[in-house]
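Everything on this sheet refers to the single structure shown next.
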Amino acid sequence: MSANAKDLRNPLKRARGFGSAQSGTAHWWTQRVTAAALILLGLWFVATVLCLLHADYATARAAVAKPWNALLLILFVITMFWHAVLGLQVVVEDYVHTRWKEVVLLVAIKFLAVLCALAGVLSVLRIALGA
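In the numbering used here, the protein residues as written are 3 to 133.
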């Protein structure tokens, strides 16, 4: 007889030791909400870029410096990196099977995303505030 055959515990009791099954729902919803926001913000971004296609540097800078455009551009940058982190987290968790490599990759992805998002936000703020 194998060791599993002697285990008289309910399968649910055995599965409880593997962590909560409810944490994935919040991740899934966050990924969908950021995707919907990116659709709207992406359409605005493409329209803005198309309007500035043949504009000179001063005109493009003035367009980014407008309060609503600066706000929407900051939201676009933050949402884009947040959505990217969520997607890459799922890929790493699904396909990297060595625990230390998984942790290192997840930390590196989040670090780089925060660094790049801060650089983007600070760039937009610098233009918007006229520095």
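For every residue, glycine included, the Cβ atom is placed at its ideal position computed from N, Cα and C.
Here the structure is a predicted model, which is why all the values come from computation and not from measurement.
Check: Neighbourhood of A39 by C-beta, 6 Å cutoff - its chain only, sequence neighbours within 5 removed; Outcome: T81
Check: L127 burial status per 10 Å Cβ neighbour count (16 or more: buried); Outcome: exposed
Check: In chain order, each alpha helix (DSSP H) run of at least 4 residues that lies wholly inside the segment 50-124; Outcome: 59-67, 69-97
Check: Neighbourhood of L77 by C-beta, 7 Å cutoff - its chain only, sequence neighbours within 5 removed; Outcome: L43
Check: Sufficient close CB pairs (3 or more, under 8 Å) joining the segment 100-118 to the segment 81-91; Outcome: yes
Check: Contact set for P13: own chain, Cβ-Cβ below 7 Å, skip 5 residues either direction; Outcome: none
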